[in-house]
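Residue numbers (the numbering used here): 344 to 771. Here a beta-carbon is modelled for each residue, glycine too, at the ideal position from N, C-alpha and C.
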Amino acid sequence: MIDQALVHDFNQSRIQRHKKDFEFLADQLDQKGFDIEQIVQQLAEFAVAIPSWALGTGGTRFGRFPGGGEPRSIFEKMEDIAVVQSLVRSAPRVSLHIPWDEPDDPQALLDFALEMHLGFDAVNSNTFQDQANQSYSYKFGSLCHTDAAVRQQAIEHHLHVIEVGKQLGSNAITVWLADGSNFPGQLHLRKSFERTRDSLIDIYSRLPEDWRLFTEHKPYEPAFYSTVVQDWGSSLMLAQAMGERASCLVDLGHHLPNANIEQIVARLITAGKLGGFHFNDSKYGDDDLTTGSIHPYQLFLVFNELIDAQYDGGLTEAPAYMIDQSHNLKDPIEALLQSVMELQRACARALLVDRALLSGYQEENDVLMAEMTLKEAYETDVRPLVREVRMRKGGSTDPINTFRRSGYRKKVNQVRTASSSYVPPQSL
Ligand code: PSV
Ligand code: MN
């Protein structure tokens with residue numbers, strides 16, 4: 344794992360420079376009426392879950408180019424996640440995909456996680472692929488299927504995922520369905536949605552008291568004509584039909600180009616149904632690019648809605664945050680470090696929006712000054728702030744450099760010798 348002395352020494356080697364930068368920022372913020380200590384405290388609370396499937400090199404349907412030292416088991420994935428956490432200190436939980444990362448012995452996995460100071464976030468079901476030994480195929484859908492026996496099998500899978508999650512101390516399940524059709528006429532649009540709704544109500548009725556259920560929408564892929572849970576409206580209808588503990592999960596990559604995602608976030612907050620996020624980015628149709636790599640301003644605007652609603656009480660419960668990316672070209676650990684750092688920055692910037700000022704400009708319809716107020720926060724160089732937060736929590740001021748210096752990848756490359764045979768699930 345990462346030697347904490349290395350992290351400490353690395354931070355110390357840059358401490359003078361960092362202190363100067365931090366003091367300069369503190370002074371700048373002070374002049375704007377912000378108490379940097381308060382911002383540090385708020386930012387320190389931000390946490391995002393790491394998905395179990397993001398640690399191996401993903402692939403596209405055209406090929407996969409595996410890197411060295413890929414984790415061969417969920418235990419090795421946990422080790423990699425612990426490395427990420429030890430450097431960024433905002434990634435304390437793991438989100439499992441079942442059956443991709445189903446533990447043979449959940450108690451052993453939980454013990455291992457606790458040893459690594461990790462916990463479990465929302466568990467993810469998988470009815471978008473057929474599994475060995477299952478009786479019916481999901482070729483034509485799962486919870487929406489025309490055949491009640493297939494729906495029942497999918498419902499039971501969800502109950503099983505919840506059962507595994509319970510043993511791991513998780514308290515939420517995310518349901519993403521590939522159900523849909525490729526051709527007009529293939530599916531009855533209303534009936535398929537209604538069957539999905541009824542299946543979900545069935546699952547929800549058996550959800551443990553202290554659990555939440557998130558529905559995740561996606562406009563297309565693998566269904567290319569109609570996806571049953573295609574958009575946030577459909578997702579909201581499902582969450583409302585299920586009940587109070589059901590809400591919607593927004594995957595940033597699951598929108599058609601130019602969709603106003605921050606507005607979708609705002610609408611879901613108003614409906615009291617914003618449950619969680621999957622962070623990533625997208626230029627065209629992919630939903631696996633590194634968070635903030637394409638649309639960093641949009642990421643900031645999403646956080647702006649979240650922080651705004653936290654302040655005015657619109658958001659009573661923190662959404663479940665997770666990174667949902669598949670890494671094809673970058674070292675997965677480095678890409679995750681980069682993503683968490685990007686999220687820390689977006690959150691920091693949103694905390695620096697002068698909300699009283701913004702609200703005043705909005706009331707007066709001063710369009711330009713309202714926009715400039717957002718830009719003022721967005722353009723602040725918050726790097727000293729996020730470095731300080733990471734350092735105070737025991738992490739690194741420069742996670743990627745520290746990771747490279749640690750030689751971790753090289754070490755696991757030698758140990759995980761069977762890595763060439765490892766085949767991670769293909770990215771969806
Ligand atoms: C589907 O594209 C998705 O975003 C869902 O969250 C899946 O669970 C995840 O990707 C993994 O492929
Ligand atoms: Mn997702």
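Discussion item. In the DSSP output, what is A491 paired with across the bridge?
Written reply: Taking the sequence shown and counting its residues from 1, one reaches residue 491 at position 148. The partner list for A491 (beta bridge, DSSP) is empty, contrary to what the question assumes.
Worksheet entry | Cutoff 6 Å; reference W519; Cβ partners in own chain excluding five residues on either side | Here the question's residue 519 lines up with position 176 in the sequence shown. These residues qualify, in order along the chain: E559.
Practice prompt. Apply the 10 Å Cβ neighbour rule to A521 and answer buried if 16 or more other Cβ atoms are within range, or exposed otherwise.
Written response: Translated into the one-based positions of the sequence shown, residue 521 becomes position 178. Burial call: buried.
Worksheet entry | Beta-carbon separation (whole angstroms), N354 vs T659, contact threshold 8 Å | If you number the sequence shown from 1, residue 354 lands on position 11. If you number the sequence shown from 1, residue 659 lands on position 316. With a contact defined as Cβ atoms closer than 8 Å, N354 and T659 miss out at about 36 Å.
Worksheet item: What are the boundary residues of the alpha helix (DSSP H) that includes T703?
Response: On the sequence shown, residue 703 is found 360 positions in, with the first residue counted as 1. Note that residue 703 is Gly in the sequence shown here, rather than Thr. Here the alpha helix (DSSP H) through G703 covers 698-706.
Discussion item. On the criterion of 16 or more Cβ atoms from any shown chain inside 10 Å, does E413 qualify as buried, or is it exposed?
Written reply: As a position in the sequence shown, residue 413 is number 70, starting the count at 1. By the 10 Å Cβ count, E413 comes out buried.
Worksheet item: Is the closest heavy atom of the ligand MN to the C-beta of H598 under 7 Å?
Response: Here residue 598 refers to the residue found at position 255 when the sequence shown is read from its first residue. H598: no, Cβ never under 7 Å from the ligand MN.
Worksheet item: Expressed to the nearest angstrom, what Euclidean distance is found between the alpha-carbon atoms of R549 and L502?
Response: Translated into positions along the sequence shown, residue 549 becomes position 206. Translated into positions along the sequence shown, residue 502 becomes position 159. C-alpha of R549 to C-alpha of L502: approximately 8 Å in a straight line.
Discussion item. Is W519 a contact residue of the ligand MN, with contact defined as CB to any heavy atom under 7 Å?
Written reply: Against the sequence shown, residue 519 aligns to sequence position 176. W519: yes, Cβ under 7 Å from the ligand MN.
Practice prompt. Could you check the C-alpha separation between L581 and I345 for me, to the nearest Å?
Written response: Counted from its first residue, the sequence shown places residue 581 at position 238. Counted from its first residue, the sequence shown places residue 345 at position 2. Roughly 43 Å separates the two Cα atoms.
Worksheet item: So which of S636, A602, A652 has the shortest CA-CA distance to G321?
Response: Absent from the model: residue 321. The displayed extent of the chain is 344 to 771, so no value can be given.
Worksheet item: Can you tell me whether DSSP reads D444 as helix, strand or coil?
Response: Here the question's residue 444 lines up with position 101 in the sequence shown. Coil.
Worksheet item: Considering only the beta carbon of each residue, do R436 and G462 sit closer than 8 Å?
Response: Working through the sequence shown from its first residue, we reach residue 436 at position 93. Working through the sequence shown from its first residue, we reach residue 462 at position 119. Result yes, Cβ atoms of R436 and G462 sit closer than 8 Å.
Worksheet item: How long is the line joining the alpha carbons of D370 and G619, rounded to whole angstroms?
Response: To locate residue 370, count along the sequence shown from 1; it is residue 27. To locate residue 619, count along the sequence shown from 1; it is residue 276. Taking the straight line from one Cα to the other gives about 35 Å.
Item to complete: For E559, write down the residues that DSSP places opposite it in a beta bridge.
Response: As a working mapping, residue 559 is identified with position 216 in the sequence shown. Answer by DSSP bridge pairing, in chain order: W519, L592.
Worksheet item: What are the residues that DSSP puts in a beta bridge with D624?
Response: Reading the sequence shown from its first residue, position 281 is the one you call residue 624. Paired residue(s): L632.
Worksheet item: Any idea what DSSP makes of A663, helix, strand or coil?
Response: The sequence position of residue 663 within the sequence shown is 320, counting from 1. Three-state DSSP puts A663 in a strand.
Worksheet item: Can the beta-carbon of L511 be found less than 8 Å from the beta-carbon of N467?
Response: Here residue 511 refers to the residue found at position 168 of the sequence shown. Here residue 467 refers to the residue found at position 124 of the sequence shown. Contact: no.
Worksheet item: Under a three-way DSSP split, which group does G508 fall into?
Response: Taking the sequence shown and counting its residues from 1, one reaches residue 508 at position 165. Of the three classes helix, strand and coil, the one that applies to G508 here is helix, per DSSP.
Fill in: Coarse secondary structure for I393, derived from DSSP in three states
Here residue 393 is taken as the residue at index 50 of the sequence shown, counted from 1. Here I393 sits in strand by DSSP.
Discussion item. Could you give the first and the last residue of the continuous beta strand (DSSP E) run that contains S438?
Written reply: Position 95 of the sequence shown holds residue 438. Bounds of the beta strand (DSSP E) holding S438 are 436-438.
Worksheet item: Mapping DSSP to helix, strand and coil, what is H351?
Response: On the sequence shown, residue 351 is found 8 positions in, with the first residue counted as 1. In the structure shown, H351 sits in a helix (DSSP, three-state: H, G or I).
Worksheet item: Are the CB atoms of V683 and S433 nearer to each other than 8 Å?
Response: Within the sequence shown, residue 683 is the residue found at index 340, counting from 1. Within the sequence shown, residue 433 is the residue found at index 90, counting from 1. Closer than 8 Å, so yes.
Worksheet item: Alpha carbon to alpha carbon, how far is F643 from T613?
Response: Translated into positions along the sequence shown, residue 643 becomes position 300. Translated into positions along the sequence shown, residue 613 becomes position 270. Cα to Cα, the separation comes out at about 19 Å.
Worksheet item: Out of curiosity, what's the CA-to-CA distance linking A661 and M712?
Response: Within the sequence shown, the letter at position 318 stands for residue 661. Within the sequence shown, the letter at position 369 stands for residue 712. Their Cα atoms are separated by approximately 30 Å.
Worksheet item: Considering only residues of the same chain and omitting the five flanking positions on each side of S763, which have a CB-CB separation below 7 Å?
Response: Position 420 of the sequence shown, counting from 1, holds the residue named residue 763. Because the pLDDT of S763 is 49, which lies under 50, any placement of that residue in the model is unreliable, and the number read from its coordinates should be weighed accordingly. Answer for S763: P409, listed in chain order.
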